[in-house]
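A.B. asks:
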Amino acid sequence: MKVIGAGLAGCEAAWQMALRGELVTLYEMKPKKYSPAHTSAYFAELVCSNSLKADRIESAAGLLKEEMRRFRSLLVACADQCRVPAGGALAVDRNRFSQMVTEKIKANPLITVVSQEITEIPTDDITVICTGPLTSDALAEKIAAMCGGSLSFFDAAAPIVTADSLDMEVCFSASRYDKGEDNAYINCPMNQEEYESFYEALVSAERVQVADFDVANPKVYEGCMPIEVLAQRGKDTMRYGPMKPVGLKNPRTGHRPWAVVQLRRENQEGTLLNLVGFQTNLKFGEQKRVFSMIPGLSCAEFMRYGVMHRNTFLNAPQVLNQDFSFRQKSKLFFAGQITGIEGYMESASSGILAGINAVYRKRGLNPLILPKETMMGALSNYVANSISDDYQPMGANFGVLPPLEQQIRDKKERYAALAQRSLTLLEAFIVNG
Numbered sequence: 007m008k009v010i011g012a013g014l015a016g017c018e019a020a021w022q023m024a025l026r027g028e029l030v031t032l033y034e035m036k037p038k039k040y041s042p043a044h045t046s047a048y049f050a051e052l053v054c055s056n057s058l059k060a061d062r063i064e065s066a067a068g069l070l071k072e073e074m075r076r077f078r079s080l081l082v083a084c085a086d087q088c089r090v091p092a093g094g095a096l097a098v099d100r101n102r103f104s105q106m107v108t109e110k111i112k113a114n115p116l117i118t119v120v121s122q123e124i125t126e127i128p129t130d131d132i133t134v135i136c137t138g139p140l141t142s143d144a145l146a147e148k149i150a151a152m153c154g155g156s157l158s159f160f161d162a163a164a165p166i167v168t169a170d171s172l173d174m175e176v177c178f179s180a181s182r183y184d185k186g187e188d189n190a191y192i193n194c195p196m197n198q199e200e201y202e203s204f205y206e207a208l209v210s211a212e213r214v215q216v217a218d219f220d221v222a223n224p225k226v227y228e229g230c231m232p233i234e235v236l237a238q239r240g241k242d243t244m245r246y247g248p249m250k251p252v253g254l255k256n257p258r259t260g261h262r263p264w265a266v267v268q269l270r271r272e273n274q275e276g277t278l279l280n281l282v283g284f285q286t287n288l289k290f291g292e293q294k295r296v297f298s299m300i301p302g303l304s305c306a307e308f309m310r311y312g313v314m315h316r317n318t319f320l321n322a323p324q325v326l327n328q329d330f331s332f333r334q335k336s337k338l339f340f341a342g343q344i345t346g347i348e349g350y351m352e353s354a355s356s357g358i359l360a361g362i363n364a365v366y367r368k369r370g371l372n373p374l375i376l377p378k379e380t381m382m383g384a385l386s387n388y389v390a391n392s393i394s395d396d397y398q399p400m401g402a403n404f405g406v407l408p409p410l411e412q413q414i415r416d417k418k419e420r421y422a423a424l425a426q427r428s429l430t431l432l433e434a435f436i437v438n439g
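Encoded structure:
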């Protein structure tokens, strides 16, 4: 059996195959060749944020990770061991996380890793393609031709700064509503005048041209909206988005700031921090100029500037089954962001199901189709059965789950009930999976 791509989905797919006693060949073109967004030779590289989103089971992201734990997810297990303080979120030391995943994959006696770019779609064995949103051009052309075309949009990453370059006479450490660890986030408070000056500089800053990408009118995924694009939607848009001050009080004034920029740990030591929600496509010099206007960041040392890159994905409802198999080729499966699943753990979860179903296909068993009341089942149902004329990436959210039989008005209680329903239903499938 073969897996192409050692990203999040590919590592999970190979791991699930090996868990079931199958020999797997995992192909990864790094370190011989890198995509425009990748820099590390390790597997499961986290390109954008280092956050895997909320960890509470009563949240959509937390429920998804708990479902994955029930399937003995490799990535969630590694993330749990590599976590850094992030309030109610599961954030990781990205290098340690990728290194751990790589070591476990390479140490598995049933998995053979081959450093090679695949340019043709295999036809001689059951194969799971997990080449991600930045599939190399040669293979992307073959996939697009086989599928009748593909869609594309742009994704953006946030800058990273050093912790010791911050002015802690201005910044303060706190989580919203005092939830989670006190040092989970460093907050840069702004008054109204500072915010309006920052806004004006941001919307007028010079951006990197995206003419090199092969689309005339790129779409930007909402979950990774560049901060400057968000700002253009209105002067207060950022204050109701990543710069919202709710749940925070500046200890020096005793009042809530007009706006706030939050920074979250990038590594276990807390020496690197990323600007939460500040994905950007500004030119590097402009990032330095504009983001240094943020109170507390006037002398910030930027270890990585934000970047923007193209993502491609299939029109999955037209070509994929709910088990992630390709409708016209029974031996071929897809998983990860190339299917239109959006998000780190969402991509990994599709790798779990594709890997299991690839094994089932080999053994002549019925596919594992999870109930759409589960988060993993709902996402796979979206991939195969979305009826939208404009298929777009989807991440974990409670809106994709069927409503409860009994209406619960309180949102917190409703989410808890949805999560409990999912995990209860999942039990029977774990036994059989």
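Everything in the sequence shown is counted per the working numbering, starting at 7 for the first residue and increasing by one.
From the three backbone atoms N, C-alpha and C, an ideal C-beta is built for every residue, glycine too.
Go ahead and label SER428 buried or exposed: buried means 16 or more other beta carbons lie within 10 angstroms of its beta carbon, across all protein chains shown.
C.D. replies: buried
A.B. asks: Within the same chain, show all residues whose beta-carbon is closer than 6 Å to that of ILE127, passing over the 5 residues directly before and after it, in chain order.
C.D. replies: LYS148
A.B. asks: Would you list, in sequence order, the uninterrupted alpha helix (DSSP H) runs of no fewer than 4 residues that lie entirely inside the stretch 250-279?
C.D. replies: none
A.B. asks: Who are the near neighbours of ALA237 in its chain, counting only those whose CB is closer than 7 Å to its CB and skipping five residues on each side?
C.D. replies: The beta carbon of ALA237 sits closer than 7 Å to the beta carbons of TYR205, LEU208, VAL209, THR243 and MET244 from its chain, once the five residues preceding and following it are set aside; these are given in chain order.
A.B. asks: Give a yes or no on whether the C-beta atoms belonging to ILE344 and GLY138 are separated by under 8 Å.
C.D. replies: Yes, these two residues count as a Cβ contact at 8 Å.
A.B. asks: Go through the stretch 186-211 residue by residue and report every complete run of the alpha helix (DSSP H) that reaches 4 residues or more, in order.
C.D. replies: 198-210, all fully within the stretch 186-211.
A.B. asks: Can you give me the Cβ contacts of ALA402 inside the same chain, cut-off strictly under 6 Å, excluding the 5 residues immediately before and after it?
C.D. replies: ALA66, ALA67, LEU70, GLU352 and MET381
A.B. asks: Cα separation between LYS368 and LEU281?
C.D. replies: 45 Å
A.B. asks: Helix, strand or coil: how does DSSP classify LEU374 here?
C.D. replies: It is coil, neither helix nor strand.
A.B. asks: Please say whether ALA211 and VAL313 have beta carbons closer to each other than 8 Å?
C.D. replies: no
A.B. asks: Going by alpha carbons, who is nearest to GLY370 out of LEU376, LYS337 and TYR388?
C.D. replies: LYS337
A.B. asks: Which two residues bound the contiguous alpha helix (DSSP H) that contains THR108?
C.D. replies: 100-113
A.B. asks: When we look at the beta-carbon of THR318 and count the other beta-carbons within 10 Å, is it buried (16 or more) or exposed?
C.D. replies: buried
A.B. asks: Can you name, in chain order, every residue of its own chain whose Cβ lies under 7 Å from the Cβ of PRO373, other than the five neighbours on each side?
C.D. replies: Its chain contains ASP329, ASN363 and TYR366 as the residues whose beta carbon lies nearer than 7 Å to that of PRO373, once the 5 sequence neighbours on both sides are disregarded; these appear in chain order.
A.B. asks: May I have the straight-line CA-CA distance separating ARG239 from ILE233, to the nearest angstrom?
C.D. replies: When rounded, the distance between both Cα atoms is 10 Å.
A.B. asks: Give the range of the beta strand (DSSP E) segment to which GLU72 is assigned.
C.D. replies: For GLU72, there is no enclosing beta strand (DSSP E); the residue is found in the alpha helix (DSSP H) stretching over 66-76.
A.B. asks: Does the stretch 82-89 come close enough to the stretch 101-118 that 3 or more CB-CB pairs lie under 8 Å?
C.D. replies: At 8 Å Cβ cutoff, the stretches touch.
A.B. asks: Compute the beta-carbon to beta-carbon distance between LEU410 and ALA425, rounded to the nearest angstrom, for a pair I have assumed lies under 8 Å.
C.D. replies: Between ALA425 and LEU410 the Cβ distance is about 11 Å, and since that is not below 8 Å, they are no contact.
A.B. asks: Pick helix, strand or coil for ASN223, following the three-state DSSP scheme.
C.D. replies: The predicted model places ASN223 with a pLDDT of 45, which falls under 50 and marks its position as unreliable; any figure quoted below should be read in that light. DSSP places ASN223 in coil when its eight states are reduced to three.
A.B. asks: Under a three-way DSSP split, which group does ASN387 fall into?
C.D. replies: Three-state result, ASN387: helix.
A.B. asks: Return the Cβ separation of GLU18 and LEU58 in integer angstroms, given the expectation that the two are a contact with Cβ distance under 8 Å.
C.D. replies: About 13 Å separates the two Cβ atoms, so there is no contact after all.
A.B. asks: Going by beta carbon distance, what residues of the same chain come within less than 8 Å of GLU64, once the five residues before and after it are set aside?
C.D. replies: LYS418, TYR421, ALA422 and ALA425
A.B. asks: Does the distance from the CB of GLN268 to the CB of ASN193 come in under 8 Å?
C.D. replies: yes
A.B. asks: Considering only their Cβ atoms, is the gap separating GLY342 from SER331 smaller than 8 Å?
C.D. replies: no
A.B. asks: If you run the structure through DSSP and keep just helix, strand and coil, what is PHE330?
C.D. replies: For PHE330, the secondary structure class from DSSP, reduced to helix, strand or coil, is coil.
A.B. asks: In terms of alpha-carbon separation, which member of TRP21, VAL176 and ILE166 lies closest to ASN56?
C.D. replies: ILE166
A.B. asks: What does the alpha-carbon distance come out to for the pair ASN273 and PRO91?
C.D. replies: 9 Å
A.B. asks: Report all residues from its chain with a CB closer than 6 Å to the CB of THR118; omit the five preceding and five following residues, and keep chain order.
C.D. replies: For THR118, where only same-chain residues beyond five positions count, the Cβ hits under 6 Å are THR31.
A.B. asks: Based on DSSP bridge pairs, tell me the residues matched to TYR33.
C.D. replies: Partner(s): ILE10 and VAL120.
A.B. asks: Please classify TYR33: is it buried, with 16 or more other beta-carbons within 10 angstroms of its beta-carbon, or exposed?
C.D. replies: Using a 10 angstroms sphere on the CB of TYR33, the tally of other CB atoms reaches 16 or more, which defines it as buried.
A.B. asks: Going by DSSP, what residue range makes up the beta strand (DSSP E) through VAL299?
C.D. replies: Here the sequence assigns Met to residue 299, which means Val is not the residue at that position. Run containing MET299: none; DSSP gives neither H nor E here.
A.B. asks: Which two residues bound the contiguous beta strand (DSSP E) that contains LEU338?
C.D. replies: It spans 335-340 - the beta strand (DSSP E) in which LEU338 sits, taken as one unbroken run.
A.B. asks: For ILE166, which beta-bridge partners are listed by DSSP?
C.D. replies: ASN280 and ARG310
A.B. asks: Could you tell me which of ASP395, ARG182 and ALA50 sits nearest to PRO251, measuring between CA atoms?
C.D. replies: ARG182
A.B. asks: Taking 8 Å as the cut-off, decide whether the C-beta atoms of ASN327 and ALA384 are in contact.
C.D. replies: no
A.B. asks: Could you tell me if ALA113 is buried or exposed, where buried requires 16 or more neighbouring beta carbons within 10 angstroms of its beta carbon?
C.D. replies: exposed
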